Amino acid sequence: MAILVMIFRKMLKNKWLELSLLFGLVLSVALVSSMPIYTEAILQRMLVKELENYQMSSGAYPVTHRTGLYLTDDDPQKNGESTRQVDAFMESVKNRFSLPILEQVTERGTDTFSFKPIDTERVDPEVRRNADLVAFSNLDQHIKLVDGVMPAKEPVNGVYEVLVVESALTQLKMVLGNEFIIADERIKKPITVKPVGIINPKDEHDLFWYTSVESYSRSFLMDFELFEKTITNSSETDISMRSGFWFFAFDYSRMNMQSIESFIRTHNRIEGYVTNTFNSQSIKAPALSVISKYLDRQEQLRVMLWSLNVPVMIMLGFYLFMVSNLIVDRQKTEIAVLRSRGASRLQVLLSYVIEGILLGVVAYIIGPYVGMLITKLLGASNGFLEFVQRSALIVELNATAYKYALYAVMFSLIMTLIPAFLATRTSIVGHKQQMARMTKLSFWHKYFLDIVLLGISIYGLQSFKRRMSDLQSLGLDSASFKVDPLLFLVPALFTLGLGLLLLRIYPLFIRLVYWIGRRVWPPSLYSTLIQVGRSSTQYNFLMVFLMVTLATGLFSASAARTMNSNTLEKVRYKNGTDVIMNIKWENDAPPPSMGGMEEAGGEEAADTSALPITGPKRIQYTEPPFQVFTELPGVENAAKVFVKDDANVQIGKSTSRIKLMGVDTDEFGKTAYLKDRLLEHHFYDYLNLISTEPSAVLVSRSMAQEAGVKEGDSIYIGWNNVTYKPFTVYGIIDFWPTFNPNPQQPASANKKPELPKLVVGHLSYIQSTIALEPYQVWIDLKDEPNARTVFNEAINEKEIPVENIIDTGYELTQAKNDPFQMAINGVMTLGFLISVVISFFGFLLYWVLSLNGRVLQYGILRAMGISFMQLIGMLITEQVLTSGAAFLLGAGIGNVTSVLFVPLFQLSFNPATQVPPFQVLFDPSDSIRLYMIVTGMIIIGLVILGHLLSRIKIHQAVKLGED
1 MAILVMIFRK
11 MLKNKWLELS
21 LLFGLVLSVA
31 LVSSMPIYTE
41 AILQRMLVKE
51 LENYQMSSGA
61 YPVTHRTGLY
71 LTDDDPQKNG
81 ESTRQVDAFM
91 ESVKNRFSLP
101 ILEQVTERGT
111 DTFSFKPIDT
121 ERVDPEVRRN
131 ADLVAFSNLD
141 QHIKLVDGVM
151 PAKEPVNGVY
161 EVLVVESALT
171 QLKMVLGNEF
181 IIADERIKKP
191 ITVKPVGIIN
201 PKDEHDLFWY
211 TSVESYSRSF
221 LMDFELFEKT
231 ITNSSETDIS
241 MRSGFWFFAF
251 DYSRMNMQSI
261 ESFIRTHNRI
271 EGYVTNTFNS
281 QSIKAPALSV
291 ISKYLDRQEQ
301 LRVMLWSLNV
311 PVMIMLGFYL
321 FMVSNLIVDR
331 QKTEIAVLRS
341 RGASRLQVLL
351 SYVIEGILLG
361 VVAYIIGPYV
371 GMLITKLLGA
381 SNGFLEFVQR
391 SALIVELNAT
401 AYKYALYAVM
411 FSLIMTLIPA
421 FLATRTSIVG
431 HKQQMARMTK
441 LSFWHKYFLD
451 IVLLGISIYG
461 LQSFKRRMSD
471 LQSLGLDSAS
481 FKVDPLLFLV
491 PALFTLGLGL
501 LLLRIYPLFI
511 RLVYWIGRRV
521 WPPSLYSTLI
531 QVGRSSTQYN
541 FLMVFLMVTL
551 ATGLFSASAA
561 RTMNSNTLEK
571 VRYKNGTDVI
581 MNIKWENDAP
591 PPSMGGMEEA
601 GGEEAADTSA
611 LPITGPKRIQ
621 YTEPPFQVFT
631 ELPGVENAAK
641 VFVKDDANVQ
651 IGKSTSRIKL
661 MGVDTDEFGK
671 TAYLKDRLLE
681 HHFYDYLNLI
691 STEPSAVLVS
701 RSMAQEAGVK
711 EGDSIYIGWN
721 NVTYKPFTVY
731 GIIDFWPTFN
741 PNPQQPASAN
751 KKPELPKLVV
761 GHLSYIQSTI
771 ALEPYQVWID
781 LKDEPNARTV
791 FNEAINEKEI
801 PVENIIDTGY
811 ELTQAKNDPF
821 QMAINGVMTL
831 GFLISVVISF
841 FGFLLYWVLS
851 LNGRVLQYGI
861 LRAMGISFMQ
871 LIGMLITEQV
881 LTSGAAFLLG
891 AGIGNVTSVL
901 FVPLFQLSFN
911 PATQVPPFQV
921 LFDPSDSIRL
931 YMIVTGMIII
941 GLVILGHLLS
951 RIKIHQAVKL
961 GED
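Counting along the sequence shown from 1, when you hit position 477 you're at 477 in this note's numbering, and nothing is skipped either side.
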């Protein structure tokens with residue numbers, strides 16, 4: 001008990017330090033616990049999005065489970081018993097799916113029987129009427145009566161009233177009110193049925209109708225309870241229940257990893273049961289195919305989220321160590337005295353363990369809830385430091401979050417105990433010796449950790465660069481390299497190593513400044529330079545901390561901006577404009593069954609000088625009017641763009657496949673988009689270059705290098721069933737809207753991958769000399785909020801025959817909402833904000849404690865005649881030489897790290913789609929934010945320190961020195 005009292009008194013004595021340490025612990029626990037919470041939330045959103053996409057593309061509700069059985073026993077009672085057993089089994093397992101049930105349907109069906117009319121005078125008895133009896137549970141809640149009445153729940157004068165769908169009247173050649181009896185030699189006790197009502201689904205989107213209502217055009221729909229009583233559960237009937245279906249539709253809006261596991265487990269249990277029990281069965285669960293793809297992506301996303309947080313965790317580790325070190329530094333004398341009075345190292349360390357456990361318990365309780373708030377903040381990120389009002393993530397605390405919170409507490413406890421453990425090794429004499437030797441090398445400089453960290457990070461940088469070069473040059477799949485955790489760890493090591501290296505050099509710089517002006521410096525500056533130069537070890541940890549946090553913030557900003565810009569630029573480049581439409585052209589193409597004249601005229605190609613291509617008859621097209629597109633509302637510009645992916649080019653005796661693009665230079669320049677600086681000149685200049693000569697073309701550099709083509713050379717271009725025509729090369733280009741110069745297929749064992757080739761020419765010349773074929777319509781929309789909406793409405797109103805449409809705006813929105821993109825933006829934003837917050841707290845905490853520790857020094861200086869303003873000047877100079885220098889160095893380190901390592905993030909994407917190339921971006925607004933925050937920190941710090949300094953009384957300081 002006594003030790004607890006001592007610990008509480010010590011904690012109260014250092015309450016601000018303890019609160020700062022608790023703040024760091026809570027933040028660490030919150031960050032770590034937010035990872036499983038955020039991962040589950042973002043994965044849940046990703047799963048829901050993929051299920052929604054499946055529903056939109058297939059038109060079928062995805063999360064359903066249908067079990068179908070065909071009962072083969074000839075004994076109706078045994079089939080009835082089997083049906084009841086399956087009913088009981090389904091009722092017992094349905095809740096194990098762990099999802100809300102939106103719809104549950106049980107369907108029964110008999111054999112197909114031949115039905116004969118009772119009244120042969122009114123109904124033609126010669127018509128073959130084969131139908132089955134079917135019953136649905138809760139059918140009356142999901143239908144609307146088109147004609148007739150609802151059937152009775154019991155037989156009426158021995159006649160069973162039934163419902164039919166509209167098409168059944170035609171199929172079975174009957175009208176309502178006709179009575180039919182089963183005419184089947186297998187049935188000794190036939191029943192009579194009477195259709196009394198015609199039904200349609202109450203709602204065509206009702207999940208109840210898991211199969212089309214038209215599939216029951218040869219069925220009589222009996223009341224479910226009556227069917228059970230008469231057929232399923234009857235011991236007298238000889239009409240057998242032959243088929244059964246058990247259908248469930250689930251609400252997938254809250255589907256997560258736990259419910260996925262339950263869904264798969266329950267599906268497997270149902271499958272095992274029916275497979276082992278029945279010979280003929282079918283199980284359909286469309287969601288399983290979506291879940292399978294989802295599980296592959298979720299593992300990548302999980303690793304990526306943890307990897308992205310490596311730098312932030314390193315920052316928090318530094319903060320915890322620094323605060324703990326400050327606490328122990330203030331208590332080193334007490335520790336040394338305790339050790340000199342006989343206390344063991346374990347006893348001294350035990351008090352710090354108990355103190356850490358007390359703080360850790362508080363952090364463990366509070367941290368996960370703060371993690372939930374962090375998750376909600378991340379869920380609202382639409383870009384780096386951009387937040388929008390989107391549907392909130394479904395955030396729930398789970399056991400995994402508390403497990404990781406416990407790991408965070410244990411790790412934080414270890415970090416805070418390291419300084420205490422090191423301090424217990426020192427006796428009172430050793431402590432006094434250490435205080436007198438403030439200029440000794442720090443641990444990391446003594447053992448050259450800065451050189452080791454830089455060596456490891458530079459080796460990792462070169463390794464990743466080689467890997468990236470191989471991926472891009474050989475067209476390899478990057479799946480095996482995706483989301484490599486080292487990709488995020490290596491930059492953090494480089495940041496720390498470079499910061500430590502600069503700190504090795506910085507004291508020499510301070511001493512050089514001191515030596516240069518040693519005869520002219522005023523006393524206040526002279527004293528500050530001596531203080532910083534001789535006691536550099538004292539400032540090392542603060543400067544490393546500030547450098548790492550600032551560099552991490554800038555690196556996070558640059559990485560997020562670069563990856564966001566790269567993702568959006570890829571979409572813009574791939575499409576080349578706002579909207580691309582393929583319009584239906586009238587033509588004389590024969591139906592597919594009439595095609596096939598491959599063998600015609602094969603020998604006519606002997607005369608290669610004319611370069612004819614023989615084969616099937618060339619299709620003749622009729623060009624639709626183009627002006628209609630230029631006049632659509634919301635359209636700024638429109639252009640005709642002919643694209644032939646399977647064209648050929650002949651240069652000398654060699655022929656190769658190319659992508660041919662035909663454009664009208666003026667309209668294309670106004671409509672197309674190409675990022676600046678991708679070409680040596682603006683792409684307008686290339687269009688102007690070929691505008692005056694109809695046969696002029698631009699060729700891709702891949703084609704120029706492979707075929708040895710240069711400006712002024714003639715080439716022949718054509719494709720199947722047309723005559724090749726000559727063109728003249730006017731320019732060579734590396735990039736062009738929609739053209740991807742990277743290899744699309746991996747290299748084979750014997751040769752390099754084939755590079756795509758592009759030729760850009762005049763559309764009018766291609767149409768007049770080679771062939772008139774369908775072109776794409778490129779649309780540049782007006783820069784107005786509703787331009788896209790009015791454009792789409794006009795397309796529908798005018799009933800333009802659009803075969804295919806590519807909407808860049810929609811794809812950009814999809815890219816922003818991609819879970820990987822959201823994860824990058826959210827975690828990078830979090831890293832930036834945390835770096836700012838802990839920088840401020842660490843900075844302020846250090847300087848307040850430093851001032852408290854140097855009260856005697858400042859009191860003596862005041863007693864010697866140094867004015868208050870001169871003391872403030874000394875404080876400002878010391879701040880500039882330490883904190884200011886750390887911030888400047890941190891900014892430089894952050895920029896260098898970004899330039900070197902951000903381009904490597906393209907390893908996390910498919911190299912075949914990396915067009916345009918990665919370009920590291922620095923948004924000036926991010927730097928301005930940081931510099932404003934840093935300036936504000938220093939000003940606030942100076943105000944607080946100045947206030948504390950003004951409260952120092954000379955006589956108290958001198959008396960303290962005498963004590």
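Glycine included, every Cβ here is placed at the ideal spot set by N, Cα and C.
Only a predicted model underlies this, so the values are computations on that prediction, with no experimental measurement involved.
First through last residue of the beta strand (DSSP E) which encompasses residue i
i, result
"D132", "130–136"
"W778", "776–781"
"S114", "113–117"
"G894", "No beta strand (DSSP E) contains G894, which is instead part of the alpha helix (DSSP H) from 885–901."
"V729", "725–733"
"E103", "101–110"
"E161", "159–165"
"D970", "Outside the shown range of the chain (1 to 963) lies residue 970, about which nothing can therefore be said."
Sequence-distant residues of the same chain with beta carbon closer than 7 Å to residue i, five excluded per side
i, result
"P47", "The amino acid occupying residue 47 in the given sequence is Leu; Pro does not appear at that position. If we look at L47 and ignore the five residues flanking it on each side, its Cβ neighbours are M255, Y294."
"K653", "none"
"K116", "P125, F180, I181, A183"
"Y724", "L611, Q650, Y716, I717, G718"
Neighbourhood of residue i by C-beta, 8 Å cutoff - its chain only, sequence neighbours within 5 removed
i, result
"A794", "L632, P633, G634"
"E166", "V146, I198, N200"
"R9", "none"
6 Å Cβ shell around residue i - same chain, five flanking residues per side excluded
i, result
"D477", "In this prediction, D477 scores a pLDDT of 49, lower than 50, which makes its location untrustworthy; the coordinate-derived value is nonetheless stated afterwards. Cβ within range, chain order: n/a, list empty."
"V310", "F488, L489, A492"
"T192", "V159, E179, I181"
"P419", "S324, N325, V328"
"A287", "P62, V63"
"L25", "L359, A363, S412"
Bridge-paired residues (DSSP) for residue i
i, result
"A647", "I658"
"G68", "F245, S282"
"M547", "M547 pairs with nothing; no bridge assigned."
"M222", "A135"
"L417", "None; L417 has no bridge partner."
"N582", "Q776, N804"
"D206", "The partner list for D206 (beta bridge, DSSP) is empty, contrary to what the question assumes."
"L698", "G731, V760"
Alpha-carbon to alpha-carbon, residue j and residue i
i, j, result
"K675", "Y573", "8 Å"
"H947", "V532", "22 Å"
"L163", "N157", "18 Å"
"R84", "F250", "23 Å"
"A672", "D780", "7 Å"
"V29", "A823", "19 Å"
"M512", "L498", "The residue you asked about is not Met; residue 512 is Leu in the sequence shown. The straight-line gap from Cα to Cα measures roughly 21 Å."
"R242", "P774", "55 Å"
"F727", "E711", "11 Å"
"Y404", "M563", "29 Å"
"A479", "T375", "Residue confidence is low: A479 scores 46 on pLDDT, short of 50, so the model does not pin down where it sits. Its coordinate-derived value is still stated next. Looking at the two C-alpha atoms, the distance is approximately 28 Å."
"V105", "L69", "14 Å"
"A436", "Y539", "Confidence at A436 is low in this model, with a pLDDT of 48, below 50, so its placement is unreliable and no value can be given for it."
Residue i: first and last residue of the uninterrupted alpha helix (DSSP H) it sits in
i, result
"G936", "924–950"
"Y514", "486–516"
"T83", "76–93"
"K194", "Careful: K194 lies outside any alpha helix (DSSP H), inside the beta strand (DSSP E) at 192–201."
"V855", "855–863"
"F981", "This structure cannot speak to residue 981, because the chain is shown only from 1 to 963."
What runs of the beta strand (DSSP E), each 3 residues or longer, lie entirely inside the segment 246–312?
-> Listed in chain order, they are 281–284.
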